[in-house]
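Peer 1:
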Amino acid sequence: MTRKQKRLSVIVAGLAFLAAAAGLTFYALGQKASYFYMPAELATASVPPGQRIRLGGLVENGTVVRGSGATVAFSVTDTQKSVKVTYTGILPDLFREGQGVITEGAFGPDGVFVADSVLAKHDERYMPKEVADGLKAKGVWVESKSQ
Amino acid sequence: MVETGHFALVLAFALSLVQMLVPLVGARTGNQRLMAVGGPVTVTGFALTALSFTALASAYAGSDFSVANVWENSHSLQPMIYKITGTWGNHEGSMLLWVLILTFFGALVAVFGNNLPATLKANVLAVQGMIGAAFFLFILTTSNPFIRLNPAPVEGRDLNPVLQDLGLAIHPPLLYLGYVGFSVCFSFSVAALIEGRIDASWARWVRPWTLVAWMFLTGGIAMGSYWAYYELGWGGFWFWDPVENASFMPWLAGTALLHSATVMEKRSALKIWTLLLAILTFSLSLLGTFLVRSGVLTSVHAFATDPARGVFILCILTLFIGGSLALFALRASSLTAGGLFHPISREGALVLNNLFLTTATATVLVGTLYPLALEALTGGKISVGAPFFDLTFGPLMLPLLAIVPFGPLLAWKRGDVIAASQRLMAAFALAIAAMLVTGLFIDGGSVFAALGVGLAVWLIAGALTDLAVKSGAGSVAPAVMLRRFAGLPRSVFGTALAHLGLGLTLLGIVGTLCFGSEKILTMRPGETVELSGHTLRFEGLFPQKGPNFTEDRARFLLIGADGNANGEISSAKRFFQARQMATTESGIRTLGLSQLYLSLGDEGNDGSVVVRLWWKPLVTLIWGGALVMMAGAAMSLADRRLRVGAPARRRKPAAALTSPT
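Protein sequence lines, in the order shown, are assigned to chains A and B.
Just so we're aligned: the first sequence equals residues 142 to 288 in the numbering used here.
Just so we're aligned: the second sequence equals residues 19 to 679 in the numbering used here.
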């Protein structure tokens with residue numbers, strides 16, 4: 142091979158490699174990224190059972206039921222609709238009724254959202270950004286008074 | 019003192035303007051006296067920044083709540099260590115630490131760069147000055163830590179309890195030493211582009227700085243990972259959180275840079291690529307700073323969100339990344355390109371390393387930025403987490419790790435894969451044996467686990483093989499071999515240690531992910547729980563009082579086979595009055611290389627408590643491996659060949675025998 146052919150073959154091999162990586166990346170983005178929903182949006186979006194999503198909102202007052210063991214049931218609401226959620230594990234320190242949370246998991250066949258992670262933020266003044274944005278969009282956001 | 023600090027910061031900004039202009043003009047016009055201004059100005063700028071930082075730190079140490087920043091992030095009852103580390107446990111202070119380290123590196127170049135060509139040194143300092151000026155201006159206009167309150171409050175609002183930990187003393191300084199250390203490589207690249215000249219000696223200059231930055235960044239990331247592991251109480255060591263990715267991307271690119279700079283130094287090839295990588299690595303550091311500091315991401319790290327800050331950092335980002343890449347586009351073609359080389363050679367292997375590492379960096383970049391871009395463009399909100407990175411980053415890393423042991427065994431110019439394979443036979447046999455043992459005889463050994471353990475053993479054994487082969491194992495008498503081993507260049511040890519550390523980290527990851535176990539249960543005092551052969555008895559909850567918090571501490575006794583207690587683990591729920599905030603302190607007991615990890619959940623009314631218990635086999639190797647990698651970098655730095663300014667001493671005959679590296 143001449144110098145030019147050599148260089149060309151190196152470049153072609155490199156590009157093929159990059160193309161493969163790019164293809165994989167876009168496939169993974171389509172398959173593995175989980176979308177964020179608020180309860181009211183779930184009515185219009187059809188999310189099949191088993192598909193991983195993130196569900197955000199406020200923990201509805203009076204819905205937290207601590208069952209036997211470490212399983213907890215509660216509802217997540219955006220004040221318009223609410224969704225039943227079950228979670229087995231340790232809830233974050235800031236989890237309580239009325240608090241903004243993001244749960245991640247999938248719907249079971251019975252329509253109950255089975256979460257495998259629940260996030261509430263470390264800071265008392267803090268609301269997960271997605272939840273705050275969603276509530277603002279629905280006009281139910283109350284600006285907390287700054288200290 | 020506080021006003022002195024503020025004044026020193028303004029002076030440092032003014033000096034950085036001098037630093038960015040005068041030496042640059044000097045280098046352009048060939049004026050020695052103008053170029054000579056760079057050094058003293060840089061060192062003075064560092065001294066002023068240090069004074070400014072000290073002023074803030076002493077305001078924190080003395081709990082001076084008339085300073086708004088101290089009032090917001092400190093409390094008079096905090097232990098002294100957290101008062102001091104609180105200096106950078108907030109946005110303003112951490113940016114001040116950032117520029118402190120930036121000017122520190124600039125001063126190092128000024129002091130130790132005496133045998134650099136005068137124009138190169140002047141240009142490097144000028145570019146450092148530009149970065150400094152931009153960040154000084156950012157701090158002074160949007161993030162001033164020295165603003166006073168009148169009247170002064172009597173008590174502060176406390177540091178975020180999550181940050182009240184020794185991790186804050188270690189993680190941010192290490193991480194910044196890494197992030198900002200790459201600014202020197204960036205400045206060298208831009209200086210080379212300004213001069214339009216680059217040669218192998220340039221790589222000899224840049225490599226030690228890359229090594230220093232890489233070493234600290236490795237430590238910073240590992241420390242951050244361990245901190246998140248024990249502080250957050252989720253038992254995870256890596257979450258593919260955008261903030262973690264922000265520090266991981268410069269690390270990946272920096273690792274590539276470390277390897278390509280070797281090729282440039284040895285073979286005078288890959289010059290333009292190395293230069294570009296140096297620019298990209300620091301650009302990723304800047305991007306990380308932007309992601310973490312601008313508030314576009316919400317995390318523990320985003321202390322406060324202020325749109326002005328985000329816009330300002332975005333401007334800095336655009337200016338430096340855009341400017342340097344534009345300069346690159348203009349000037350790169352005028353630089354002399356290096357020669358091509360045989361694909362089967364050390365340099366060929368290093369190119370392959372670069373291809374994998376930069377592609378992996380790109381996938382992490384896409385996974386980190388895509389959700390932000392999507393939200394900005396369409397308003398759709400997605401999260402990209404572990405499943406995405408397992409599918410993209412994973413497949414790129416596996417082949418890379420598999421070829422790592424070959425690299426150091428191939429010769430420069432023209433390597434022999436077959437000879438290298440023969441030398442790696444023993445390592446390969448060991449790896450296969452480890453795979454079989456894992457797959458067949460260990461409970462829970464899946465195909466994936468076997469593959470992972472095999473790969474880790476392959477890396478470790480490969481690194482040891484490299485040392486053995488270079489000491490002449492199998493061909494010379496043991497005594498000669500020992501002498502040769504002792505005489506090996508330090509950089510050979512550096513390479514072997516870094517690769518060995520990589521293997522250890524991988525072994526830790528595979529061990530924890532594939533052989534770990536966990537249990538979640540409700541326990542009452544006196545009850546026992548058994549997990550992976552370890553029995554724990556819950557003794558009860560004991561209220562305690564700390565300096566600025568109260569806590570309920572749950573004590574557990576580790577029961578041995580003989581029924582006697584041989585150790586205790588305790589985990590606590592803490593409540594911080596000042597912020598009205600609760601945290602969970604996890605309980606960890608290290609047994610050999612493995613750990614028992616325990617975290618508390620809600621307390622019931624009857625004295626019961628929800629407990630989450632993990633058994634994490636070999637987990638300490640994850641961070642231990644990183645320490646070994648750091649040791650490798652330190653070893654490489656100690657190599658006389660790389661020691662900048664060290665006179666080229668004639669080597670002893672024993673050392674001259676060893677193969678070149």
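We treat Cβ as the ideally placed atom computed from N, Cα and C, and that holds for glycine.
In chain order, which continuous runs of the alpha helix (DSSP H) of length 4 or greater are located wholly inside the segment 154-217 of chain B?
Peer 2: 185-213
Peer 1: Run through DSSP, which three-state label would Lys145 (chain A) get?
Peer 2: helix
Peer 1: Comparing the C-beta of Ala154 (chain A) with each C-beta of chain B, is any distance below 7 Å?
Peer 2: no
Peer 1: Look at the alpha carbon of Arg441 (chain B) and the alpha carbon of Gly650 (chain B), and state the distance between them as a whole number of angstroms.
Peer 2: 22 Å
Peer 1: Within 10 Å of its beta-carbon, does Gln96 (chain B) have 16 or more other beta-carbons around it, so buried, or fewer, so exposed?
Peer 2: It counts as buried.
Peer 1: Between the Cα of Cys333 (chain B) and the Cα atoms of B:Gln598, B:Leu305 and B:Thr396, which residue gives the shortest distance?
Peer 2: B:Leu305
Peer 1: Tell me the residue span of the alpha helix (DSSP H) that contains Lys101 (chain B).
Peer 2: Met98 to Thr103
Peer 1: Is DSSP giving Met148 (chain B) helix, strand or coil here?
Peer 2: helix
Peer 1: Should Asp251 (chain A) go down as buried or exposed, given a rule of 16 or more other Cβ atoms within 10 Å for buried?
Peer 2: exposed
Peer 1: In its own chain, which residues sit with a C-beta less than 7 Å from the C-beta of Asp264 (chain A), not counting the 5 before and 5 after it?
Peer 2: Residue placement at Asp264 (chain A) cannot be trusted, given a pLDDT of 43 that sits under 50; the coordinates are not used to answer.
Peer 1: Listing by chain order, which chain B residues have their CB less than 7 Å from the CB of Phe177 (chain A)?
Peer 2: Lys399, Ile400 and Ser401
Peer 1: Compute the distance between the beta-carbons of Met179 (chain A) and Gly197 (chain A), then report whether it is under 7 Å.
Peer 2: Their beta carbons are under 7 Å apart, which means Met179 (chain A) touches Gly197 (chain A) by this criterion.
Peer 1: First and last residue of the beta strand (DSSP E) that includes Phe254 (chain A)?
Peer 2: Phe254 to Leu260
Peer 1: To the nearest angstrom, report how far apart Pro665 (chain B) and Asp657 (chain B) are at their CA atoms.
Peer 2: Note that Pro665 (chain B) scores a pLDDT of 42, beneath 50, so its modelled location is shaky; the value from the coordinates is reported in the next line. Looking at the two C-alpha atoms, the distance is approximately 12 Å.
Peer 1: Check distances from the C-beta atoms of the segment 177-208 of chain A to those of chain B and list, in chain order, the residues that come in under 9 Å.
Peer 2: Phe177, Tyr178, Arg193, Arg195, Gly197 and Arg207
Peer 1: Does the segment 123-143 of chain B come close enough to the segment 42-58 of chain B to have 3 or more Cβ pairs within less than 8 Å?
Peer 2: yes
Peer 1: So with Cβ pairs under 7 Å, would you call Ala211 (chain A) a contact of chain B?
Peer 2: yes
Peer 1: Where does Asp264 (chain A) fall in DSSP's three states?
Peer 2: Only weak support is given to the placement of Asp264 (chain A): the predicted model assigns it a pLDDT of 43, under 50, and the value that follows is read from those uncertain coordinates. Correct three-state label for Asp264 (chain A): coil.
Peer 1: Would you decide whether Arg542 (chain B) is buried or exposed? Buried here means 16 or more other CB atoms lie within 10 Å of its CB.
Peer 2: exposed
Peer 1: Around the Cβ of Arg266 (chain A), are there at least 16 other Cβ atoms within 10 angstroms (buried) or fewer (exposed)?
Peer 2: Any reading at Arg266 (chain A) must be qualified, since the residue scores a pLDDT of 45, below 50, and its modelled position is unreliable; no value is offered.
Peer 1: Note down the Cα distance separating Pro161 (chain B) from Thr307 (chain B), rounded to an integer number of angstroms.
Peer 2: Per the sequence presented here, residue 161 (chain B) reads as Ser, with Pro not at that position. Distance between the alpha carbons of Ser161 (chain B) and Thr307 (chain B): 14 Å.
Peer 1: Specify the secondary structure class of Arg669 (chain B) as computed by DSSP and reduced to three states.
Peer 2: Confidence at Arg669 (chain B) is low in this model, with a pLDDT of 41, below 50, so the placement of that residue should be treated as unreliable; the coordinate-derived value is given next. If DSSP states are grouped into helix, strand and coil, Arg669 (chain B) belongs with coil.
Peer 1: DSSP beta-bridge partners for Asp570 (chain B)?
Peer 2: B:Pro561 and B:Lys591
Peer 1: Between the segment 84-101 of chain B and the segment 172-187 of chain B, can you find at least three pairs of beta-carbon atoms closer than 8 Å?
Peer 2: yes
Peer 1: Quick check: the Cα distance between Ser201 (chain B) and Gln595 (chain B), rounded to an integer number of angstroms?
Peer 2: Between the alpha carbons of Ser201 (chain B) and Gln595 (chain B) lies a gap of roughly 41 Å.
Peer 1: Report the rounded CA-to-CA distance for Ala68 (chain B) versus Ala26 (chain B), giving the unit in angstroms.
Peer 2: 9 Å
Peer 1: Using the Cβ count rule (16 or more neighbours within 10 Å means buried), how would you classify Pro9 (chain B)?
Peer 2: Here chain B covers residues 19 to 679 and nothing more, so residue 9 (chain B) does not appear.
Peer 1: Relative to chain A, which residues along the segment 400-424 of chain B have a C-beta separation below 9 Å, given in chain order?
Peer 2: Ile400, Ser401, Val402, Gly403, Ala404, Pro405, Phe406, Phe407, Asp408, Leu409, Thr410, Pro413 and Leu414
Peer 1: Is Leu549 (chain B) near the ligand COA, in the sense that its beta carbon is under 6 Å from a heavy atom of that ligand?
Peer 2: In the structure shown, the ligand COA is absent, as is every other ligand, since no ligand is present at all.
Peer 1: With respect to the beta strand (DSSP E) encompassing Lys225 (chain A), which residues constitute its N-terminal and C-terminal limits?
Peer 2: Ser223 to Thr229
Peer 1: Under DSSP, the alpha helix (DSSP H) around Gln440 (chain B) begins and ends at which residues?
Peer 2: Val435 to Arg441
Peer 1: Taking buried to mean at least 16 other C-beta atoms within 10 Å of its own C-beta, is Tyr168 (chain A) buried or exposed?
Peer 2: exposed
Peer 1: Any idea which residues DSSP pairs Val627 (chain B) with across the strands?
Peer 2: B:Met541 and B:Glu621
Peer 1: Could you please tell me which residues of the segment 218-251 of chain A, in chain order, have their CB closer than 8 Å to any CB of chain B?
Peer 2: The segment 218-251 of chain A vs chain B, Cβ under 8 Å: Thr229, Gly230, Ile231, Leu232, Asp234, Leu235 and Glu245.
Peer 1: Would you say Lys173 (chain A) reaches chain B, if we count a Cβ-Cβ gap shorter than 7 Å as a contact?
Peer 2: yes
Peer 1: Please classify Thr354 (chain B): does DSSP put it in a helix, a strand, or coil?
Peer 2: coil
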